[in-house]
Structures are given as C-alpha cells and as structure tokens.
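When you number the sequence shown by my numbering, it's gap-free, plus one each residue, and the end is 994.
All residues carry an ideal CB built from backbone N, CA and C; glycine is no exception.
Working notes for the structure below.
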Amino acid sequence: MSELSRFFIELAERWQRRWREAKIFEPEPSPGVPKFFITAAYPYPNGAIHIGHGRTYLIADVLARFNRHMGRVSLFPMGFHYTGTPILTIAEAIAAGDKTVIEEYMEIYGVPGEEIKKMGNPLYLARYFHQQSKRAMEKFGLGIDWAREFTTIDPEYQRFIQWQFEKLRKRGLIVKGRHPVGWCPRHSMPVGAHDTKDDKEPDIGQWTLIYFTDEEGLAFPAATLRPETAPGVTNLWINPDADYVVAELDGRRVVVSRDAAFRLSFQGEVKALREAKGREFVGRRVQNPVTGEWVEIYEARFVDPQVGTGVVMSVPAHAPYDYAALRDMGIERMIPLIRVEGYGEYPAKEVVEKMGVKSQTDPALEEATKEVYSAEYARGVMREDVAERVGQHLPEPARSMLRAVFKMFFAGRPVKEARDFIARWLVESGLGGVMYDIMNKPVYCRCGTEIVVKVLEDQWFINYGDPRWKEAARKLIEEMGMVPSDAKTHFLATVDWLDKRACARTRGLGTPLPWSQGWVIESLSDSTIYMAFYTVIKKIRQFGIKPEQLTEEFWDYVFLGQGSAEDVARRTGVPPEALKAVKEEFDYWYPLDSRNSGKDLIPNHLTFFIFNHVAIFPREKWPRQIVANGWVLREGDKMSKSKRNVLPLDKAVEMYGPDPLRATLAIAAEVEQDLDFRDAEARRNAQQLMAIYTLVQRIAQTAEERAPSWLDLWLVSEIAQILERAKNAYQRVRVRQAAVDVLYNAKSAFDQYLSMVEKPSKLAVEAAKAWAVAMEPIAPHLAEELWAVLGGRGFAASAPWPALKADPAALLAKRYVDMLIEDVKKIPAFGPGTKKVVVYVNRRFSWAKEALGGDVRAAIQAGVPPQMAKRLVDLLRSLGEEVRSLVASVENFDELEALRSFQPYVEKTLGVSVELYDAEDASAPDLGGKKKTALPLKPGIYLPS
Ligand SMILES: [Zn+2]
Numbered sequence: 050m051s052e053l054s055r056f057f058i059e060l061a062e063r064w065q066r067r068w069r070e071a072k073i074f075e076p077e078p079s080p081g082v083p084k085f086f087i088t089a090a091y092p093y094p095n096g097a098i099h100i101g102h103g104r105t106y107l108i109a110d111v112l113a114r115f116n117r118h119m120g121r122v123s124l125f126p127m128g129f130h131y132t133g134t135p136i137l138t139i140a141e142a143i144a145a146g147d148k149t150v151i152e153e154y155m156e157i158y159g160v161p162g163e164e165i166k167k168m169g170n171p172l173y174l175a176r177y178f179h180q181q182s183k184r185a186m187e188k189f190g191l192g193i194d195w196a197r198e199f200t201t202i203d204p205e206y207q208r209f210i211q212w213q214f215e216k217l218r219k220r221g222l223i224v225k226g227r228h229p230v231g232w233c234p235r236h237s238m239p240v241g242a243h244d245t246k247d248d249k250e251p252d253i254g255q256w257t258l259i260y261f262t263d264e265e266g267l268a269f270p271a272a273t274l275r276p277e278t279a280p281g282v283t284n285l286w287i288n289p290d291a292d293y294v295v296a297e298l299d300g301r302r303v304v305v306s307r308d309a310a311f312r313l314s315f316q317g318e319v320k321a322l323r324e325a326k327g328r329e330f331v332g333r334r335v336q337n338p339v340t341g342e343w344v345e346i347y348e349a350r351f352v353d354p355q356v357g358t359g360v361v362m363s364v365p366a367h368a369p370y371d372y373a374a375l376r377d378m379g380i381e382r383m384i385p386l387i388r389v390e391g392y393g394e395y396p397a398k399e400v401v402e403k404m405g406v407k408s409q410t411d412p413a414l415e416e417a418t419k420e421v422y423s424a425e426y427a428r429g430v431m432r433e434d435v436a437e438r439v440g441q442h443l444p445e446p447a448r449s450m451l452r453a454v455f456k457m458f459f460a461g462r463p464v465k466e467a468r469d470f471i472a473r474w475l476v477e478s479g480l481g482g483v484m485y486d487i488m489n490k491p492v493y494c495r496c497g498t499e500i501v502v503k504v505l506e507d508q509w510f511i512n513y514g515d516p517r518w519k520e521a522a523r524k525l526i527e528e529m530g531m532v533p534s535d536a537k538t539h540f541l542a543t544v545d546w547l548d549k550r551a552c553a554r555t556r557g558l559g560t561p562l563p564w565s566q567g568w569v570i571e572s573l574s575d576s577t578i579y580m581a582f583y584t585v586i587k588k589i590r591q592f593g594i595k596p597e598q599l600t601e602e603f604w605d606y607v608f609l610g611q612g613s614a615e616d617v618a619r620r621t622g623v624p625p626e627a628l629k630a631v632k633e634e635f636d637y638w639y640p641l642d643s644r645n646s647g648k649d650l651i652p653n654h655l656t657f658f659i660f661n662h663v664a665i666f667p668r669e670k671w672p673r674q675i676v677a678n679g680w681v682l683r684e685g686d687k688m689s690k691s692k693r694n695v696l697p698l699d700k701a702v703e704m705y706g707p708d709p710l711r712a713t714l715a716i717a718a719e720v721e722q723d724l725d726f727r728d729a730e731a732r733r734n735a736q737q738l739m740a741i742y743t744l745v746q747r748i749a750q751t752a753e754e755r756a757p758s759w760l761d762l763w764l765v766s767e768i769a770q771i772l773e774r775a776k777n778a779y780q781r782v783r784v785r786q787a788a789v790d791v792l793y794n795a796k797s798a799f800d801q802y803l804s805m806v807e808k809p810s811k812l813a814v815e816a817a818k819a820w821a822v823a824m825e826p827i828a829p830h831l832a833e834e835l836w837a838v839l840g841g842r843g844f845a846a847s848a849p850w851p852a853l854k855a856d857p858a859a860l861l862a863k864r865y866v867d868m869l870i871e872d873v874k875k876i877p878a879f880g881p882g883t884k885k886v887v888v889y890v891n892r893r894f895s896w897a898k899e900a901l902g903g904d905v906r907a908a909i910q911a912g913v914p915p916q917m918a919k920r921l922v923d924l925l926r927s928l929g930e931e932v933r934s935l936v937a938s939v940e941n942f943d944e945l946e947a948l949r950s951f952q953p954y955v956e957k958t959l960g961v962s963v964e965l966y967d968a969e970d971a972s973a974p975d976l977g978g979k980k981k982t983a984l985p986l987k988p989g990i991y992l993p994s
C-alpha cells in the first residue's frame with residue numbers, strides 16, 4: 050500500500066462511516082418526487098468479485114449518484130445469487146481436493162488454509178464470499194442500500210420465485226418434453242452459460258444426416274449443414290487413421306467415428322458392434338439415397354472425427370475444400386447445382402483459382418469456403434435441372450412422382466428454401482436424420498468435462514420459442530433505452546434464435562419447482578425479475594410477514610394489483626396496512642429505470658430479463674433501460690484464474706485507494722468499450738486526484754471577498770460550461786466523457802485561473818463547490834472532503850446539481866485574449882529579444898457583430914467603414930464556431946477593459962510587458978502605423994525593436 054493509496058483509503062473510510070450513520074443510501078418512497086431505480090446483476094458468491102464486476106457496479110453507482118443530484122430519489126440495491134452449479138461445482142472441486150482450484154483460491158483470493166477446508170460445503174463457500182464481496186463493495190464506495198439485501202435461498206425469495214413460475218406455467222410458457230440441451234456427461238445434468246468454464250454459451254446446432262448405403266446395407270451417415278447439395282455428391286470422405294465404429298443406431302447398422310457414437314448416444318439408442326480404423330472403409334461404394342448414384346469413399350485426413358459423424362460428403366462444384374482435395378488427387382468431376390449471380394457453373398473451382406489456392410492444406414481455403422457458402426446462401430437459386438438428378442434408381446411411377454415434388458419445392462427455389470425442404474424430406478422419408486452438436490466446441494463444464502448435446506425427454510422448459518411471447522419481447526426491446534444503442538440488434542437476434550430452455554436441475558441450491566418433486570429452478574431462470582423483489586423485501590421484514598404468508602394472493606395483490614387489501618389480508622393473515630405499504634413501495638419504485646451488466650449477459654440473462662418482464666408484468670411496469678459494458682483486461686491481457694492475473698476488487702482498492710480505482714475504471718474506456726486496466730494509469734489518476742485535493746485546499750484557504758473581475762467571471766463560466774457538458778455525458782451514460790471533464794478539464798481550468806490571479810476570489814469557492822458535486826458520482830469520497838473544506842452544508846452526495854451560469858462575455862474575453870497571445874507569437878520578429886508589445890484595440894464591437902452575417906455590403910450599410918469591411922467579414926468567418934456563437938450572444942464587449950484585467954496573464958504568458966492603447970485615442974502614439982490596422986477582435990500589434 051503506497052502512501053497515496055493510504056491517504057485515499059483513510060479519507061474513504063471516514064466518509065463511508067458518515068454515510069452509513071446518516072443512512073443516505075437507504076431511500077424511502079417519496080410520493081410526488083421523481084425516483085431513479087437502478088440495479089446491476091448480482092454476483093454468484095463462488096469467488097471474490099474482481100475489477101470486472103467493479104466496473105459494472107461502478108457504472109450503476111455513478112448513474113445512481115448522478116440521478117440523486119438531479120433531484121430524484123435514487124435506489125441502488127444488491128443481492129447475492131446462491132443458486133445452482135456456479136457455487137456447487139466449486140465446492141465439489143474443493144471437497145474432492147482439486148489442487149488447481151484450491152491453489153487458485155488461496156493465491157488469487159487470499160483464502161486462508163483454515164477456511165478453504167470448510168469450503169467443500171457449498172453453503173459455507175457462498176456465505177464466505179458473500180461477506181467478502183459485500184465488504185469489497187463497501188470499501189469501493191458503492192452507495193448501495195443494504196437494507197434490501199437478500200440471497201436467492203432466503204425463504205421469502207423462494208416464495209417469490211415459486212409465484213413467478215406458477216404464473217409462467219398458467220400462461221402456458223412452461224412445457225415438459227423432448228428437447229436438445231447442453232449436457233455434462235459427468236454430472237448428467239443440463240449446462241448453460243453459467244455452468245461452463247469462461248461462461249461460454251454452448252451453441253447447439255443441427256447436422257442433417259444423409260444415409261449413404263453400401264451393397265450390404267451398411268449405412269454411412271454423412272453429416273452436413275448444406276443438405277441441398279446432396280444431388281451433387283461425387284464421393285464421400287473418411288479419415289483413414291481415425292477410430293470408427295460399426296454401430297446400431299436406432300435400429301440401423303451405421304459407420305460413424307467413435308467420438309460421434311459417444312455423442313450420438315445422448316440423443317438416441319446407440320449400440321457399438323465393433324471398432325474399426327477408417328481405412329477399412331476406403332474404396333467402398335455407397336449409394337446416394339437422393340439420386341441413386343453409386344459413389345466411392347475416398348480417404349481424407351482433413352476429416353475431423355470430432356465434428357459431425359466423421360463421414361463427410363464431397364460436393365466439389367460448391368465446396369472449395371472438396372474441389373481442392375479432389376484436384377490434389379488428379380480428379381476433376383463436378384456436378385453444378387446452384388446458380389449465383391456473379392459466378393459461373395462451378396463457384397468453388399472459380400474461387401479456388403481466383404485465390405490461387407495451391408492444395409487442400411492451403412489456409413486460404415477457409416476464406417474461399419466462407420465466400421462461396423455465404424454467396425450461395427444469400428443469393429443462390431437451385432438450378433431447374435437438379436430435379437432430373439433425383440431418384441434415378443427408382444422404378445416408375447415413383448421416379449416421376451418424386452421428381453414432381455422436387456420440381457415444386459426444390460428446383461428453381463432459393464437455397465434457403467431448398468435446404469429446409471430437403472432436410473425435412475430426408476427425415477420424413479427415413480433416408481436421413483438429425484444430429485445435434487455443440488457448434489462452438491469445445492465447451493467445458495466447470496468440472497472440466499467437455500459438454501455434449503443431450504435430447505431430454507422429461508425435462509421442464511421455459512418456452513422462449515413461443516411466437517407471441519417473442520413478439521412482446523421485441524416490442525419492449527424496440528421501446529427501451531439501450532447503451533450502446535447497437536445492442537438492440539444483438540437482443541433481437543437472440544430473441545429470434547432462443548427456443549425452449551431447460552429451467553430446472555436435479556441438484557444445487559435454489560428454489561424447488563412448485564409443482565414437481567425433485568427439481569430445483571436453475572440460476573438463469575430464477576434471476577429474471579428479482580429487481581422487483583428489492584422493492585418489497587424491506588417492508589416484508591419490517592412487518593414481520595412470514596414466508597408462508599407470501600402466497601399467490603399476496604404477490605398478485607402487490608405486483609399485479611389483483612384483489613383488495615382486505616380480502617388478501619383475510620386469506621393470508623397479513624394486516625391490510627402492511628399489504629398496502631408493501632404494494633406502495635413496489636408501485637413507487639417500479640418500473641426499473643436501468644439494468645446494468647457486462648455485455649456477456651446479453652444473449653442469456655438480459656434477454657431472459659426482457660422476456661420474463663413482458664410475461665409477468667403489465668406494460669407500465671416494463672423496464673426502461675439496459676446498459677451493457679465491455680470487458681476489463683489487465684495490462685492488455687484477458688483476466689483468468691489460470692494466468693493468475695485476476696485482480697480482486699478488495700485488493701485493487703488496497704493498491705490504489707477507492708477513488709483512484711473508480712476514476713480509472715471510469716476513464717480508461719467508454720462504457721461499451723473493452724477497458725484495459727493499467728497500473729501506471731491508476732497511479733496517474735491517483736496523482737491527479739491528489740492534485741485536485743491540494744488545489745481546492747489552496748482555494749479554500751486563500752480566497753478573498755472582492756468585486757468579480759473578468760478572470761473570476763471567466764472561471765465560473767468555464768466551469769459552468771464543463772459541468773454542463775459533464776451533465777449531458779452522465780445523462781447519456783458517457784461515463785468516460787463525464788470523468789474526463791470533471792477530473793481533467795475542470796482541473797485545467799482551475800490551474801489556469803490560479804496562474805492568472807494573485808489570490809482566488811470567493812467566486813472560485815462557489816465554482817469549486819459546484820465542481821465537487823459534479824465529480825461526486827465518480828470520486829465520491831474526495832468530493833465529500835472538498836465539499837466540507839469549501840464549507841458546503843450536508844453531504845455532497847445529497848447536494849442538487851450545481852446551477853452555475855456561464856457568462857458569454859467572460860468566455861469571449863478569455864478566448865479573445867488567447868487569440869491575441871497566439872497572434873503575437875506568430876509575428877516573426879517576436880522572440881527572446883522582445884521587451885515590449887504595444888497593442889492597439891478597436892473598441893467597436895458592434896461592427897464585429899454586423900460582420901458576423903458574412904455580407905460585406907450589409908456590414909457597410911450597418912456602419913462598418915468600407916475600407917475595413919472586407920477584412921472584418923473575413924476575420925469573423927475565420928473564427929471557430931464557439932467564438933462566433935459567443936460574439937452573437939454577447940451584447941456589449943469592451944476589449945480594452947477585458948485586456949486590462951487579463952494583462953498580468955498576457956504578460957506572464959508572453960514573458961514581456963504589454964502597453965495598451967485605444968486605437969481611436971488621438972493622444973496615443975501611432976507606432977509602426979499599427980493604429981489603423983486594429984480591427985474589432987483583432988488588435989493592431991507593434992513590437993519595438
Ligand atoms: Zn460437469
């Protein structure tokens with residue numbers, strides 16, 4: 050711990066204690082006063098929270114604090130997510146003596162040996178990290194309302210979740226049945242994003258299997274994502290060195306890779322009959338079930354036995370890999386199937402030749418494949434003559450009938466349609482099948498086992514595939530605010546592909562499914578509407594309402610306004626005034642104004658949050674905004690336990706102090722960008738905050754009462770402008786922009802001011818107080834200290850947003866003086882030898898305003914002397930937008946007076962003395978003939994030699 054960080058930690062502890070004593074973060078509803086209710090995703094207490102969590106919580110805290118300054122009653126609560134496998138798998142690993150996990154927990158999280166022994170118990174583990182995370186949040190200075198804290202295994206919470214699930218079931222959104230899910234073979238349990246290593250969402254995809262059969266009736270199920278190319282198959286590929294099995298698959302004898310047989314065993318009956326190397330099948334002839342053609346099995350080492358079935362069909366006209374591999378073997382045989390604008394008969398051959406692909410191992414094939422596949426999928430149309438290729442082996446009239454069907458639904462159709470048709474036809478006719486697979490494999494369960502796809506028969510699902518439900522979710526996505534706004538596309542895409550999702554497990558902590566024994570609601574399903582629970586739990590406890598009184602009628606009344614308090618009181622035994630008070634809290638705080646989390650939760654949690662809100666709550670209670678922030682890297686690297694570079698939040702607070710850490714997490718990247726946390730930058734921010742502290746001390750100690758000068762007015766105006774910009778940035782969740790303004794730009798303005806004045810004025814104290822309030826959301830402890838030093842009343846955290854007003858004349862004066870300084874510096878004769886600068890000022894500011902219009906003739910008509918008009922119009926045109934608008938808004942501006950008050954500043958900056966004359970003053974000497982060159986806003990300048 051450095052001296053600097055010790056300073057900031059001690060400062061923070063003092064203010065955290067005072068906040069706690071004053072309960073300023075425990076708001077009560079205040080009818081008639083606007084409110085702001087914000088939540089961030091609660092953590093799983095399965096480890097210490099790190100600076101990645103810290104970033105999300107900081108953004109929420111900044112918004113909560115900012116909205117408090119805007120006069121809103123601001124609520125930011127927090128809970129802890131005990132549910133499911135994230136906790137359980139770690140506890141199990143520790144109980145089993147897993148050396149890696151134990152080492153990680155001791156080294157990275159600093160868990161003492163005494164404690165780690167007890168962490169085989171999942172509840173103990175959760176309680177430990179719950180308390181540890183809570184302490185870290187407090188030390189970090191989050192303004193959390195702890196009076197509403199809960200865990201997801203509290204009995205009140207369980208009653209609430211059971212109510213939610215009964216509602217979903219009654220609305221027909223919970224179904225039981227057969228469905229593919231990600232599955233851990235070791236745990237025999239479905240796994241979703243929060244059960245996998247690195248929280249990777251398993252992408253479940255579907256291969257179409259096409260049974261190519263040899264003369265003995267042995268089937269080779271080729272797995273393909275492009276079944277529409279089946280009529281163009283010239284051969285199959287098998288890896289000669291890989292392990293295969295002959296197996297019985299749903300009553301059919303098949304050859305698949307051993308790995309595929311294992312994966313298929315989770316989706317149907319698979320019985321291995323014997324093992325074999327792939328080479329045994331090379332050279333065998335098999336019949337294409339679509340065309341009836343006989344093709345040969347060739348060997349290919351590029352066939353990956355872990356992908357699909359390990360049996361691959363070859364379509365050289367439309368697949369660059371197949372074309373290149375056959376070309377290597379000296380074979381060129383292609384069957385054209387698809388027409389694509391911009392390509393000839395054989396797109397694969399064309400692209401391979403265009404890209405100069407040398408052989409089947411050429412890495413450019415990846416790119417070639419992408420090009421052909423996406424062009425064909427987007428714009429391809431099946432050729433009319435493909436129907437003639439179908440059913441060549443069938444007797445009449447079967448052949449003609451089949452071709453008629455293909456003419457109608459396949460030939461001449463867009464690739465997308467043809468693909469859907471033939472995939473369905475293959476399954477229905479028994480010539481093919483379906484195999485599910487993890488398309489982004491490998492994905493590992495937290496226990497380290499690679500997950501597979503299992504088709505579950507008796508599983509409970511939330512049916513996110515329901516089209517009417519999807520429609521309502523889309524409506525909410527359209528109308529709610531999103532940061533960043535392009536996240537909307539991501540959400541809409543997720544809504545499109547989401548289907549049934551397993552919602553209960555047979556193990557782990559959590560809430561039992563209310564209607565079926567032996568099931569626990571899993572962690573991404575019991576965390577979708579809990580923001581509503583924060584609004585009521587405090588009063589439920591205050592009134593001593595018992596969990597068993599939290600019945601369906603209770604929640605229906607509180608959340609949905611059904612029934613009367615008297616009725617519900619009779620049925621539950623909860624007094625009517627208690628019911629009314631609980632309901633009032635909910636009605637005051639809901640809807641949620643902002644939901645914050647990392648962007649990794651968009652395809653799961655945040656989308657479920659949207660779905661469940663539209664299913665359960667009436668429209669006026671739907672949430673209003675989602676903020677999804679980017680990752681946190683550390684010194685350019687992804688943080689991971691295996692690299693030992695995870696930085697726990699409490700440790701980071703110790704290293705830098707809470708405010709410097711907050712400043713760094715706010716300023717190092719804009720909200721949606723990935724943030725690279727760097728030690729050097731955190732130290733630099735600590736120095737900056739220290740400099741702010743020193744600067745404000747100086748202002749407080751030396752400020753004097755005096756009539757405001759141009760400089761004093763300029764400072765107030767400059768700060769007013771910066772704070773206005775910061776306010777807009779906070780409002781648009783541009784936290785980095787706000788932090789740059791309040792921590793750096795405002796500081797520069799004060800620095801400049803202090804360098805220009807002998808002593809600061811009392812106006813500077815007012816400006817500094819305003820500044821303290823504006824920086825409070827980001828550096829709240831420092832802000833409180835400054836506020837107190839400057840004589841502010843109460844807490845900076847509770848102060849209204851400052852009402853400083855910018856005076857355009859004061860701003861214009863400073864810009865004008867800076868322009869003059871630049872003009873002098875540009876004079877070639879200006880240099881170390883220069884002793885004095887003589888300045889002639891043209892005080893006819895009204896002429897400058899006339900010239901602003903840009904019309905020389907109009908300016909002359911308005912009284913600008915003709916010999917000056919053109920130069921003046923050109924000058925005004927050359928000024929920046931800011932100065933032009935200042936000129937427009939200022940009525941009277943006396944250049945001479947402005948220059949006099951800035952004279953010490955000009956002299957100090959240029960390092961010479963300055964002599965000022967009014968250009969129209971007849972008694973002034975006309976040195977170098979510069980008197981008449983003076984224009985309004987552009988003085989005549991003379992350098993005596
Ligand atoms: Zn597992």
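Spatial distance of residue i from residue j (CA atoms)
i: T560; j: A325; result: 48 Å
i: D799; j: L764; result: In the sequence as presented, Asp is not what sits at residue 799; that position holds Phe. F799 and L764: Cα-Cα distance of roughly 7 Å.
i: Q722; j: V822; result: 26 Å
i: Y395; j: A467; result: 19 Å
i: A272; j: W286; result: 11 Å
i: A908; j: P985; result: 13 Å
i: E969; j: D708; result: 55 Å
i: Q591; j: A618; result: 17 Å
i: K595; j: I210; result: 16 Å
i: G101; j: D686; result: 13 Å
i: A145; j: I139; result: 10 Å
i: G231; j: E318; result: 18 Å
i: R949; j: L965; result: 8 Å
Whole-angstrom C-beta distance between residue j and residue i, which should lie under 8 Å
i: P851; j: L772; result: 6 Å
i: L573; j: H654; result: 6 Å
Residue interval of the beta strand (DSSP E) (run including residue i)
i: Q255; result: I253 to T262
i: R926; result: It is not in any beta strand (DSSP E) - R926 instead sits in the alpha helix (DSSP H) that spans P915 to S927.
i: T273; result: A268 to T273
i: G101; result: Per DSSP, G101 belongs to no beta strand (DSSP E); it is in the alpha helix (DSSP H), I100 to H118.
i: Y995; result: Past the boundaries of the shown model lies residue 995; the chain is included only from 50 to 994, so the question cannot be answered.
Endpoints, the alpha helix (DSSP H) within which residue i is located
i: W509; result: It is not in any alpha helix (DSSP H) - W509 instead sits in the beta strand (DSSP E) that spans V501 to N512.
i: K166; result: G162 to K167
i: S994; result: Segment: none, S994 is in no alpha helix (DSSP H) and carries neither H nor E.
i: Y579; result: Run containing Y579: none; DSSP gives neither H nor E here.
i: R63; result: E52 to A71
i: L959; result: E944 to L959
According to DSSP, residues forming a beta bridge with residue i
i: A89; result: N645
i: I487; result: I253
i: M238; result: C233
i: K885; result: S962
Inset, instruction - Return the chain-ordered ranges of every beta strand (DSSP E) run that is complete within the segment 275-333 and spans a minimum of 3 residues. - result: Taking 3 residues as the shortest admissible run, the segment 275-333 contains the following complete beta strand (DSSP E) segments, listed from N- to C-terminal end: 284-287, 292-298, 301-306 and 319-326.
Inset, instruction - Would you mind listing the beta strand (DSSP E) stretches within the segment 630-657 that are 3+ residues and don't spill past its ends, in chain order? - result: Complete beta strand (DSSP E) runs here, min 3: 643-647.
Inset, instruction - Tell me the start and end of each unbroken beta strand (DSSP E) in the segment 647-734 that is at least 3 residues and wholly inside, in chain order. - result: Secondary structure in the segment 647-734: the beta strand (DSSP E) runs of 3 residues or longer, each lying completely within the stretch, are 674-678, 681-683 and 724-726 in chain order.
Legend entry - Start-end ranges of the beta strand (DSSP E) lying completely within the segment 531-617, minimum 3 residues: Those beta strand (DSSP E) runs which fall completely within the segment 531-617 and span 3+ residues are 549-551.
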